[in-house]
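In this note's numbering, the protein residues as written are 1179 to 1267. Built from N, CA and C at the ideal position, the CB exists for glycine as well. Keep in mind the model is a prediction, meaning the values are calculated, not measured. See structure below.
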Ligand SMILES: [Zn+2]
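And the structure:
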């Protein structure tokens, strides 16, 4: 048994360890990662660009772009709701 897997937040099935290798932060199995796409995906990406340009300068000075990956907790919650409804019939 692999200790690299963990249960899917939606269905409780073990997540494919290969998926965890690729996306260590995931908490969804392959199936539910696909389904959460309709709510925007498991993760929301936010790119923030640091501004280095001086005020009033027309010259654009591109600084670092940092991308933060935030869990789409709202989307995952809605998927869990869908899943629970589905089980109740
Ligand atoms: Zn699942």
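Here's the rule I'm using: 16 or more other beta-carbon atoms within 10 Å means buried, otherwise exposed. How should residue i be labelled?
i: residue 1223; result: exposed
i: residue 1253; result: buried
i: residue 1179; result: Because the pLDDT at residue 1179 is just 48, under 50, the model does not fix this residue reliably, and the value given afterwards should be weighed accordingly. Exposed.
i: residue 1243; result: exposed
Looking at the unbroken beta strand (DSSP E) that takes in residue i, where does it start and where does it end?
i: residue 1225; result: 1221 to 1229
If we ignore side chains and look at the alpha-carbon of each, how far apart do residue i and residue j end up?
i: residue 1201; j: residue 1210; result: 14 angstroms
i: residue 1184; j: residue 1208; result: 12 angstroms
i: residue 1187; j: residue 1221; result: 14 angstroms
i: residue 1229; j: residue 1250; result: 27 angstroms
What are the boundary residues of the alpha helix (DSSP H) that includes residue i?
i: residue 1264; result: 1251 to 1266
Name the one or two DSSP bridge partners that residue i has.
i: residue 1195; result: Paired residues: none, contrary to the question.
i: residue 1185; result: 1192
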